[in-house]
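Here the structure is laid out as C-alpha cells; the discussion comes afterwards.
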Amino acid sequence: MCIRDRVSTQSTWGIALIQRGMSKAQAGKTQEQPAQKAAPKKGQGVKKKAIRKAKVKGAGAKGAVRRRSYLIRTKPRFYRPHTLRLRRAPKYERNTRSINPVKGQLDKYSILIHPLSTEKAMGKMENENTLVYIVSQRATKPQIREAFREVHKVEPRKVNTLLRTDGKKKAYIRLGPDAEALTLANKIGLI
11 MCIRDRVSTQ
21 STWGIALIQR
31 GMSKAQAGKT
41 QEQPAQKAAP
51 KKGQGVKKKA
61 IRKAKVKGAG
71 AKGAVRRRSY
81 LIRTKPRFYR
91 PHTLRLRRAP
101 KYERNTRSIN
111 PVKGQLDKYS
121 ILIHPLSTEK
131 AMGKMENENT
141 LVYIVSQRAT
151 KPQIREAFRE
161 VHKVEPRKVN
171 TLLRTDGKKK
181 AYIRLGPDAE
191 ALTLANKIGL
201 I
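Take 11 as the starting number for the sequence shown in the working numbering and just add one per residue.
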C-alpha cells in the first residue's frame, strides 16, 4: 500500500509528510526523540557562560526592555503633581513704576485731587468749618492729613472719608479753631 492511499489528500499534515517522503510512523519517531546535543569540549561551557553574563550586563547597561511599574490609584480624584515653577524673568518692564517712580507713588498733589463746591460742601464750610475734597482712592487718612498740611499750611483737626457710588473717594477735612474754612476756600478760589 502506498503512502498516498493511507493519508488523505485533504489533510495538510499528510500532504507535508508526502512532500518530505515520510510515513506517519517515521514522523512520530522524529517528534518523540529530540536530537541529542554533542558533548561540549573542555573549557567551552565556561566560555559560553561568560559570554552569556557579558550579554546580560551589556543589555542592562544599554537599557534593556523593562516592565514599567504603575502607581495604583485608590481615589477617584486626581491630584496634579507638583512640578518645577520658575520665577518670572521678564525681558522688559510691564509698567512704568520702575521707570518713573513719582507716578507710581502718592505725593501731596496726587493725593488731593480737587475741592468740591456743591451746596452740601458749602454748608459744611459755613456751619462745621469743614472743607470737602475729592482725594486719591489709594490715599489713607494720615496721608490726606499730611498732604493737606503741606499744601495749605493748616493743621486739620479730623479727617473722615467715604467712597462715592461713582468710585471716587471723598474726604471731609475739619479744621481746628485757629483756621477758618471760608477764608481758606476764598484763598484757594473756591468761592
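Cβ atoms here follow ideal geometry from the backbone N, Cα and C, with glycine treated the same way.
One thing to note: residue 155 has its Cβ no nearer than 8 Å to the Cβ of residue 164.
In the three-state DSSP reduction, residue 201 falls in the coil class, being neither helix nor strand.
Annotation for residue 181: the continuous beta strand (DSSP E) segment containing it runs 179 to 185.
With a 10 Å radius around the Cβ and a threshold of 16 neighbouring Cβ atoms, residue 157 comes out buried. Counting along the chain, residue 159 sits inside no beta strand (DSSP E); it lies in the alpha helix (DSSP H) bounded by residues 151 to 162. With the rule of 3 Cβ pairs closer than 8 Å, the stretch 80 to 100 does not count as touching the stretch 130 to 144.
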